[in-house]
Amino acid sequence: MQTYGVVLAGGVGARLGLSVPKQMIKVAGKTILEHTVDTFNAAPEIDEVIVMVTPGWTERVATLLGDRYPKVSRILEGGSTRNETTRRVVDALGEVECKLLLHDAVRPLLDQRIIAECVEALDNFGAVDVVIPSADTIVTVDDEDVITHIPNRATLRRGQTPQAFRLSVLRSAYELAVEDPYFNASDDCGVVLKYRPDVKIKCVLGAEHNIKVTYPVDLFIADKLFQLASESSAHRSREELHEALAGKTILIFGGSYGIGAEIARLATDAGMNVIAHGRSTTGLHVQDAASLAAALDTAAMRYGAVDAVVLTAGVLHVGPLAEATDEVVNESITVNYTAAVNVARASYQHLKASKGHLLLFTSSSYTRGRENYALYSSTKAALVNLTQALSEEWSEVGIHVNVINPERTNTPMRQQAFGQEPPDTLLPAELVAQSAMEMITSNATGLVIDVRREHRGRARTAAPALQWEDPEAGS
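Numbering (my numbering), first residue to last: 86 to 560.
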């Protein structure tokens with residue numbers, strides 16, 4: 086029996102305050118719609134994907150998706166309501182029995198497990214809903230917002246998508262619904278429940294991270310969830326990492342010591358062609374755009390391609406901005422920010438050819454400035470914005486751009502600024518370098534990867550807390 090994944094992309098983004106449909110907003114380097122379509126396209130249980138779009142957006146969505154998703158067979162205009170859109174899907178599929186999964190385009194973090202379990206459940210049930218337990222107490226109120234009832238939370242579930250059906254079941258439910266002058270339903274399982282009460286609706290366990298992007302805060306949460314999902318999938322064994330990297334070429338700017346030197350060591354161990362430049366080793370200054378371009382061209386000529394470019398160089402000057410000399414201001418901006426712009430410009434053609442990776446480094450000071458760190462914090466914030474912008478500009482040509490945000494790391498630059506500190510309070514540079522190596526083997530783009538310490542001293546990643554953290558982290 087044929088199985089269709091139907092992506093419902095008919096939202097307009099009103100609650101996000103946007104002028105474009107919310108599924109067209111970019112998160113983690115791609116539009117929300119692309120993330121969702123990619124999930125269904127990759128699912129082995131799905132034979133074809135149908136995308137239902139906001140009226141007037143068919144051509145733009147077709148251009149956006151291109152031919153990158155072979156399972157996408159149709160892009161159709163949705164209706165003015167969710168129910169009307171579903172009826173158009175049913176009409177488009179004809180009379181032949183099939184399985185179909187209807188999914189909100191703005192739930193881009195759908196698990197493959199959920200898709201597989203929905204498809205399997207349709208072997209024994211005519212309808213399937215995806216739900217999660219309710220962690221909150223739900224109350225019923227009257228017209229004056231006075232509580233009238235508190236249901237037993239143990240029996241309550243929160244609905245998600247996809248919702249899955251045998252086509253014949255969904256069609257018959259809608260045929261009965263159109264005859265009801267008082268027809269009103271918020272979702273398709275509700276239509277089946279009301280008009281086909283003889284059909285049992287099986288529940289499949291969803292996931293807390295299968296969120297629906299509805300409000301502005303959801304964009305932030307989705308971005309951080311993509312970060313965690315990407316880092317989780319990036320973890321590889323030493324053998325897998327070496328297999329993925331062997332024979333590839335990496336350029337490291339800022340490779341004289343600290344994190345850059347550790348990346349060079351790990352890359353050499355993995356069998357990569359390694360070119361590490363630094364002011365104290367090769368004499369290359371990252372402020373010099375011409376020298377950066379020459380270094381990249383030389384590497385490409387020698388090895389045939391450049392697969393990854395890493396910039397770890399940075400300077401940390403602590404003190405009030407009003408007391409900073411012109412030399413300090415110039416060095417802080419050119420080394421911490423302008424260098425990244427120059428590296429990106431010089432790397433573009435090389436990384437476009439290899440569909441490679443550009444990896445930058447920030448610090449947790451990017452989230453909030455603090456006195457005496459004005460230059461450092463502001464340039465690190467600029468790096469994050471640069472990463473996110475480039476990931477969108479370069480996604481169509483296959484370049485991956487990410488930025489690593491390490492916790493306070495034991496590096497010579499930090500020792501020079503703060504002296505000796507208890508080693509167990511700092512992240513070893515080697516563990517940050519390990520995270521960097523894993524990132525350049527992933528398909529992630531547009532992410533801020535936070536590297537933190539576990540209690541046993543191992544590196545881990547986590548979404549940053551919504552609070553201030555030490556601005557000199559990673560220095």
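Using N, Cα and C, we set each Cβ at its ideal position, and we do this for glycine too.
| said: Taking the alpha carbon of A177 as the reference point, which residue from R167, T166, E162 has its own alpha carbon closest? | reply: E162
| field | Cross-strand partners of A159 (DSSP beta bridge) | value | A small correction: the amino acid at residue 159 is Arg; Ala does not occupy that position in the sequence shown. Partner(s): I135.
| Does DSSP classify A239 as helix, strand or coil? | helix
| Nearest-angstrom Cα distance between K107 and A407? | 43 angstroms
| query | Which whole-angstrom value is the C-beta distance of V174 and V122, which I expect to be below 8 angstroms? | reply | Going by Cβ atoms, the distance from V174 to V122 rounds to 15 angstroms, so no, they are not a contact pair.
| How about E130 and I200: are their beta carbons less than 8 angstroms apart? | yes
| task | Have a look at A544 and M522 and give me their C-alpha separation to the nearest angstrom. | result | Reliability fails at A544, whose pLDDT of 44 lies under 50, so the model's placement of it is uncertain and the value that follows must be treated cautiously. Spanning the two alpha carbons is a distance of roughly 13 angstroms.
| field | Proximal residues to L241 (C-beta, below 6 angstroms), its chain only, five neighbours per side dropped | value | S219, I223
| Residue span of the beta strand (DSSP E) that contains Y89, given as start and end | 88-94
| field | Where P218 sits in the DSSP three-state scheme | value | strand
| What number of angstroms, rounded off, separates the C-alpha of G399 from the C-alpha of V420? | 6 angstroms
| message | Using DSSP's beta-bridge definition, name the partner residues of I534. | response | I489
| said: Give me, in chain order, the residues of the same chain whose beta-carbon lies closer than 7 angstroms to that of V482; leave out the 5 immediate sequence neighbours on both sides. | reply: K437
| field | L532 to D265 span [Cα, whole Å] | value | 49 angstroms
| task | Go through the stretch 414-454 residue by residue and report every complete run of the beta strand (DSSP E) that reaches 3 residues or more, in order. | result | 442-446
| message | Please give me, in chain order, every unbroken run of the beta strand (DSSP E) with length at least 3 that falls completely inside the stretch 181-211. | response | 184-189
| query | Are Q372 and N295 closer than 8 angstroms when you measure CB to CB? | reply | no
| field | Endpoints, the beta strand (DSSP E) within which I286 is located | value | 286-290
| field | Span separating the alpha-carbon of V216 from that of D189 | value | 14 angstroms
| Excluding five sequence neighbours on each side, which residues of the same chain lie with their C-beta closer than 8 angstroms to the C-beta of Y433? | W479, I484
| task | Would you mind giving the Cβ-Cβ distance between V298 and L304, rounded to the nearest angstrom? I have them listed as a contact below 8 angstroms. | result | 6 angstroms
| query | Is it right to say Q197 is buried, meaning 16 or more other beta carbons lie within 10 angstroms of its own, or is it exposed? | reply | exposed
| message | What does the alpha-carbon distance come out to for the pair L128 and C274? | response | One point to set straight first is that residue 128 is Ala, not Leu, in the sequence displayed. Answer to the nearest angstrom: the Cα atoms are 23 angstroms apart.
| field | N- and C-terminal bounds of the alpha helix (DSSP H) containing T334 | value | Not the alpha helix (DSSP H): T334 falls in the beta strand (DSSP E), residues 334-338.
| said: Measuring only from the beta carbon, is V469 closer than 7 angstroms to any heavy atom that is part of the ligand NAP? | reply: No copy of the ligand NAP appears in this structure; indeed no ligand is present at all.
| field | Length of the line joining the Cα atoms of P140 and P247 | value | 22 angstroms
| field | Nearest to E515 (by Cα), restricted to the options E492, L369, A307 | value | E492
| Among A331, H362, T367, which one has its Cα closest to the Cα of A352? | A331
| field | N528 (DSSP reduced to helix, strand or coil) | value | coil
| query | Quick one: is T530 buried, meaning 16 or more other Cβ sit within 10 Å of its Cβ, or exposed? | reply | buried
| query | Helix or strand or just coil, what does DSSP make of G244? | reply | strand
| task | Give me the Cα-Cα distance between V138 and L93, rounded to the nearest whole angstrom. | result | 7 angstroms
| To the nearest angstrom, how far is it from the Cα of M86 to the Cα of V181? | 9 angstroms
| request: Quick one: give me the first and last residue of the beta strand (DSSP E) that T121 is part of. | output: Run containing T121: none in the beta strand (DSSP E); it sits in the alpha helix (DSSP H), 117-127.
| CA-CA distance, G454 and L149? | 37 angstroms
| In chain order, what residues of the same chain have a beta carbon less than 8 angstroms from the beta carbon of C203, not counting five sequence neighbours either side? | L186, V213, V215, P247, A249, V289
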